[in-house]
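Numbering (the working numbering), first residue to last: -18 to 54.
Yeah, the Cβ is synthetic: ideal placement off N, Cα and C, and Gly gets one too.
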């Protein structure tokens, strides 16, 4: 089967591959930057506890007590 890459895509194969690899590099760089940026949030000593603590219900009788405890942390 005869396939003319330049005629089909209107760019050379090298240019096409350069843009493809360049796109993958940009996506990988964004992922690594995002990972590094969010890693600074998870290094806080109490960050896991904040996310794992269930939400307090204002209607619950222990709400005020729990709020006071959380302010002391």
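**OP:** Using the Cα positions of residue -13 and residue -4, report the straight-line distance between them to the nearest angstrom.
**Re:** In this structure, the straight-line span from the alpha carbon of residue -13 to that of residue -4 is close to 10 Å.
**OP:** Counting only the same chain and skipping the five closest in sequence on each side, list residues whose C-beta sits under 7 Å from that of residue -10.
**Re:** Same-chain partners within the cutoff: -3.
**OP:** Work out the CA separation of residue 0 and residue 11 for me, nearest whole Å.
**Re:** Taken atom to atom, the span from the alpha-carbon of residue 11 to that of residue 0 is near 16 Å.
**OP:** Can you tell me which of the three DSSP states residue -18 falls into?
**Re:** coil
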